[in-house]
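S.K.:
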Amino acid sequence: MAMKIERLTPLLGAEVTGIDLAAPLDADTHKRLYAAWIEHAVLVIRNQKLTPPQFAQAARLFGDLMQQQLAKFTLPDCPEVGTISSRDLPVVDGKLHVRGENYHTDHSNFPEPPKATMLHAVSLPSKGGDTQFVDVRAAFDQLPEEMRRKLVKLRSPHVYESSHSPRKMAALSPEERAKVPQTLQPLVIRHPESGRAALYLNTGRMEGIEGMPQDEAFRLIDQLYTHATQPKYEYRHAWRAGDLVIWDNRSVMHQANADFDPSEYRFLYRIMLKGAPLQPVAD
Ligand code: SIN
Numbered sequence: 002m003a004m005k006i007e008r009l010t011p012l013l014g015a016e017v018t019g020i021d022l023a024a025p026l027d028a029d030t031h032k033r034l035y036a037a038w039i040e041h042a043v044l045v046i047r048n049q050k051l052t053p054p055q056f057a058q059a060a061r062l063f064g065d066l067m068q069q070q071l072a073k074f075t076l077p078d079c080p081e082v083g084t085i086s087s088r089d090l091p092v093v094d095g096k097l098h099v100r101g102e103n104y105h106t107d108h109s110n111f112p113e114p115p116k117a118t119m120l121h122a123v124s125l126p127s128k129g130g131d132t133q134f135v136d137v138r139a140a141f142d143q144l145p146e147e148m149r150r151k152l153v154k155l156r157s158p159h160v161y162e163s164s165h166s167p168r169k170m171a172a173l174s175p176e177e178r179a180k181v182p183q184t185l186q187p188l189v190i191r192h193p194e195s196g197r198a199a200l201y202l203n204t205g206r207m208e209g210i211e212g213m214p215q216d217e218a219f220r221l222i223d224q225l226y227t228h229a230t231q232p233k234y235e236y237r238h239a240w241r242a243g244d245l246v247i248w249d250n251r252s253v254m255h256q257a258n259a260d261f262d263p264s265e266y267r268f269l270y271r272i273m274l275k276g277a278p279l280q281p282v283a284d
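All residue numbers for the sequence shown refer to the working numbering, where the first residue is 2 and numbers rise by one.
1. Give the straight-line distance between the Cα atoms of E7 and S109, rounded to the nearest whole angstrom.
2. Should A242 go down as buried or exposed, given a rule of 16 or more other Cβ atoms within 10 Å for buried?
3. Does M2 pass the burial test, meaning 16 or more other C-beta atoms within 10 Å, or should it be called exposed?
4. How about H255: is its Cβ closer than 7 Å to a heavy atom in the ligand SIN?
5. In whole angstroms, give me the CA-to-CA distance for Q256 and D136.
6. Say the cut is 7 Å; is the CB of L269 nearer than that to a heavy atom of the ligand SIN?
7. For P278, which residues in the same chain have their Cβ closer than 7 Å to its Cβ, ignoring the five residues on either side in sequence?
8. Can you name, in chain order, every residue of its own chain whose Cβ lies under 6 Å from the Cβ of T10, other than the five neighbours on each side?
9. Can the beta-carbon of R47 be found less than 8 Å from the beta-carbon of D244?
10. Quick one: Cα of A229 to Cα of M254, how far?
11. Taking 7 Å as the cut-off, is the beta-carbon of R1 closer than that to any non-hydrogen atom of the ligand SIN?
12. W240 by DSSP, collapsed to three states: which one?
13. Pull up the distance between the alpha-carbon of R178 and that of L51, whole angstroms please.
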């Protein structure tokens, strides 16, 4: 069976078929798979059926595993694998309160945010529960030049939960809260492997912009968020049984959807891969 990689949209996302990640990959297939992930930023690898340890092994094809922040959302006998379960979520006014229901990039308040996040579908609702992605590389490229020149000089403090956050972050135990970092991140980052520039945004965590009055800073953040989340930058993933999706947190933002029947079970395994400090475009 030969691996096949096909684009899902002109800007981002590719579908991969013809591989079984439960078995070892030869060096050439591994190299092509990794290169496709860097280029397309989101890979949808179809028809996988992985146990949690097999999922962890498959994740190591792309990097080193990062420890999960919230111990309560991990598998007791395989703690490097996190879980996203509809049964962990409260129902508010007949609708599930899902984690991640606005575009964001994971753990942007960490000095070394995860380079990738991976999900493997275990149980899916009959409809809804898609995951959306937007290409923040293309969003940056398509800004007017003057704006790009201004943005590359800016940095933003990222905290656990911004005072302007559009969503409530998960409640933390005192021990978890004590470990939560906050950090300054460039507003535009340079991808360490592709060299492409990208907007680095997370409205849930950005607490303004360094050296800018708060009202002006939050207006700019909102303007950039509105620009970057236009449908022309989007790939919307409708989950199928057996899907394994890996995305590059330095190239895309993602969001979850709570538009499925709360009585149906949605359960996915989740792994994040260790990242490095983010590089600004202009030094
Ligand atoms: C996430 O934000 O990592 C969750 C994505 C999803 O559940 O669709």
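Positions of the beta carbon are idealized from the N, C-alpha and C atoms, including for glycine.
M.R.: In this structure, then:
1. Rounded to whole angstroms, E7 to S109 spans 30 Å at the Cα level.
2. A242 counts as exposed, since fewer than 16 other C-beta atoms from the protein chains shown sit within 10 angstroms of its C-beta.
3. Exposed, since its Cβ has fewer than 16 Cβ neighbours within 10 Å.
4. Correct: H255 has its Cβ closer than 7 Å to the ligand SIN.
5. Looking at the two C-alpha atoms, the distance is approximately 12 Å.
6. Because some heavy atom of the ligand SIN lies under 7 Å away, the Cβ of L269 counts as near it: yes.
7. Scanning its chain for C-beta atoms nearer than 7 Å, with the 5 sequence neighbours on each side dropped, one finds around P278 the residues P112, E113, in chain order.
8. Correct list, in chain order: Y236.
9. Yes.
10. The alpha-carbon atoms of A229 and M254 are separated by roughly 9 Å.
11. The structure shown does not extend to residue 1, since the chain is modelled only from 2 to 284, so the question has no answer here.
12. Reduced to three states, the DSSP call for W240 is coil.
13. The alpha-carbon atoms of R178 and L51 are separated by roughly 33 Å.
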